[in-house]
Amino acid sequence: MKILKQLTLAVVAIALLFSCDKEKDYLVTFHTPYGDMKAVLFDQTPKHKANFIKLAKSGAFDSTTFHRVIQEFMIQGGDVNQKPNSDKKIEYTVSAEFVDTLIHRRGAIAAARQGDRVNPKKESSGSQFYIVQGKKWTEKELRDQKVDYPKLYKYFTHLVEDVQFNHLEEQVAELQSRRDNDALIELMLKHKDDIEKKYDIELDNPYPQERIDIYTTEGGVPHLDDAYTVFGQVVEGMAVIDSIAKQKTGFRDKPVEDIYMSVEVEEIKKKKLIKLYGNLIH
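In this text, residue positions in the sequence shown follow numbering that gives the first Met the number 0: the first is 0, and each later residue adds one.
Have a look at this one:
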């Protein structure tokens, strides 16, 4: 009986090993004029992963541009609807898939989306995404950043709709049209006390130590956490992000010279992917 049990366990172990060896995953390569970036997509965000792979395999991202770049913030692209000579339009959204451990660290790939006022469920764009450059933060800066920004933004939109504060609507619209995120955050923080008093809520939310460790060593954009779906991570070619982010821009942070991309998807054994990039695969 003991021998039979040992044989059974051995067979199960071999089967699991064989299964892992056979299981496929994907390695994504972004080809740009400044070099290539390789990335993995997370299993914890299955809808976003499947959608991105589908579009990439169809060639939808090829000849699209990084149309919005901001140094120490992010590079945004994937607007298939603006692709030259293309009849393909993407009008659908993807349901939000927030995961506590998937944050806006340097190299994170996240889905762009419309603002909370018109998109309260935080649904993602069907094609647009951004790659985080960000910056390194000190522990003091992060610990001082005790504001729950998604919650602040949610209630700020309610505040602006209130008769007492609707004079802010024009100012908010102007900042959004200029894509001036820093000024918009500053305006929201200015009315933090008003929001807490009016809605009887607490907006302070200290960062977990795990996130502090990442943002002080790798860098990133912490204030976007839990508000936009992070679904992938660049694992090679970080310098390409820096090269694109520093390009000269014009209106609405659009690069003066178009930065085209093409996206390639390679099927790869999950076992190999884990061996190569295991520390970056959640």
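Ideal Cβ placement from N, Cα and C applies to all residues, glycine included.
Predicted model only: the values in this text are computed from it and were never measured.
1. Tell me whether Tyr214 sits in a helix, a strand or coil according to DSSP, three-state version.
2. Would you tell me roughly how many angstroms separate the C-alpha atoms of Gly125 and Tyr91, rounded to the nearest one?
3. Report the rounded CA-to-CA distance for Lys271 versus Lys37, giving the unit in angstroms.
4. For Pro254, which residues does DSSP report across the bridge?
5. May I ask which residues mark the beginning and end of the beta strand (DSSP E) holding Thr156?
6. For Leu101, does the three-state DSSP call read helix, strand or coil?
7. What do you get for Gln208, buried or exposed, if any count of 16 or more other CB atoms within 10 angstroms of its CB means buried?
8. Between the alpha carbons of Val234 and Asn278, how many angstroms are there, rounded?
9. Taking all protein chains shown into account, decide if Arg210 is buried (16 or more other Cβ within 10 angstroms of its Cβ) or exposed.
10. What do you reckon, is the C-beta of Glu263 under 7 Å from a heavy atom of the ligand PLP?
11. Note the first and the last residue of the continuous beta strand (DSSP E) segment covering Ser261.
12. Assign Asp203 to one of three DSSP states: helix, strand, or coil.
13. Could you tell me if Tyr198 is buried or exposed, where buried requires 16 or more neighbouring beta carbons within 10 angstroms of its beta carbon?
14. If Lys269 sits next to Lys23, beta carbons under 8 Å apart, how far is it from one beta carbon to the other, in whole angstroms?
15. For Ala59, which residues in the same chain have their Cβ closer than 6 Å to its Cβ, ignoring the five residues on either side in sequence?
16. How many angstroms separate the CA atom of Val285 from the CA atom of Thr31?
17. Between Met187 and Tyr154, what straight-line distance do the alpha-carbon atoms span, to the nearest angstrom?
18. Just to confirm my understanding: we take Glu71, look at its own chain, exclude 5 residues before and 5 after, and list those with CB closer than 7 Å. What are they?
19. Could you tell me the alpha carbon to alpha carbon distance between Asp193 and Thr64, rounded to whole angstroms?
20. Would you list the residues sitting across from Met73 in a DSSP beta bridge?
21. Look at Lys53 and Leu40 and say whether their C-beta atoms are less than 8 Å apart.
Answer, in terms of the structure:
1. Tyr214: helix per DSSP, three-state reduction.
2. Cα-Cα distance, rounded: 5 Å.
3. 15 Å
4. Per DSSP, Thr248.
5. Where Thr156 is concerned, there is no enclosing beta strand (DSSP E), although the alpha helix (DSSP H) around it starts and stops at Tyr148 to Glu160.
6. coil
7. exposed
8. 10 Å
9. buried
10. The ligand PLP is absent from the structure shown, which contains no ligand whatsoever.
11. Tyr259 to Lys268
12. It is a strand residue.
13. Of the other Cβ atoms in all chains shown, fewer than 16 fall within 10 Å of the Cβ of Tyr198; this residue is therefore exposed.
14. Indeed, because the Cβ distance is near 7 Å, the residues count as touching under 8 Å.
15. Val79
16. The chain is shown only over 0 to 281; residue 285 falls outside these bounds and no answer can be derived.
17. One Cα belongs to Met187, the other to Tyr154, and the distance between them is close to 10 Å.
18. Correct list, in chain order: Gln132, Gly133 and Lys134.
19. 41 Å
20. DSSP, once it has assigned bridges, lists Ile69 and Val131 as partnering Met73.
21. Not a contact, by the Cβ cut-off of 8 Å.
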